[in-house]
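Numbering (our numbering), first residue to last: 308 to 450.
Here's the structure, in structure tokens; my notes come after.
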Amino acid sequence: MAEASYRATILAAGKKQSKLTVGWEVLGLSRETAQRMYDEEAKQGFISEREAMYGGQKRKYDKKGNQLNDDGKLADPEEAAAAAKEEAADEGPVSNVHECSQCGFTLFVAQGREDKFFGANFECPECGASKDQFTARDDFGEE
């Protein structure tokens with residue numbers, strides 16, 4: 308267990324180390340054992356198991372998950388545009404302002420509570436219109 312701990316310590320110290328990593332004494336290892344382990348890891352380039360398994364992936368992505376090339380530009384602009392268009396179509400209205408198309412009565416509903424306010428028997432309190440006459444207003448308050 309001490310050797311596994313020391314090997315993890317060596318890898319955690321990073322690739323720029325140039326001398327024997329400290330901590331081997333505390334773990335009860337001999338200097339020879341510590342030096343052997345250090346040399347083994349140095350020979351492999353201080354590569355962690357994760358880096359060995361995944362190859363030290365160097366791909367870069369923007370905030371929306373689109374892959375970038377080495378210049379920092381979109382690797383496939385057409386795919387990114389198609390994904391953005393699809394995402395915009397999926398979103399739909401996100402307003403919590405609903406307006407009766409018959410009389411203009413405006414209802415402010417807490418987001419996520421639409422089902423509570425627009426139950427099966429909902430009618431406009433002003434004109435009695437059914438719930439299908441209410442539309443979400445994304446432009447409320449914009450002039």
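C-beta atoms are modelled at their ideal positions from N, C-alpha and C, and glycine is treated no differently.
For Phe415, the secondary structure class from DSSP, reduced to helix, strand or coil, is strand. Shown here for Ala341: same chain residues with a beta carbon closer than 7 angstroms to its own, the five before and five after excluded, namely Tyr313, Leu327 and Trp331 in chain order. Burial check for Phe441: the Cβ neighbour count within 10 Å reaches 16 or more, so the residue is buried.
The DSSP-derived three-state label of Gln409 is coil.
Looking at the backbone, the Cα of Glu406 and that of Arg366 are separated by about 47 angstroms.
The alpha-carbon separation between Ala349 and Ala359 amounts to approximately 14 angstroms. By the neighbour-count definition (other C-beta atoms within 10 Å, threshold 16), Tyr368 is an exposed residue. Going by DSSP, Phe353 is part of no beta strand (DSSP E) at all; its letter is neither H nor E.
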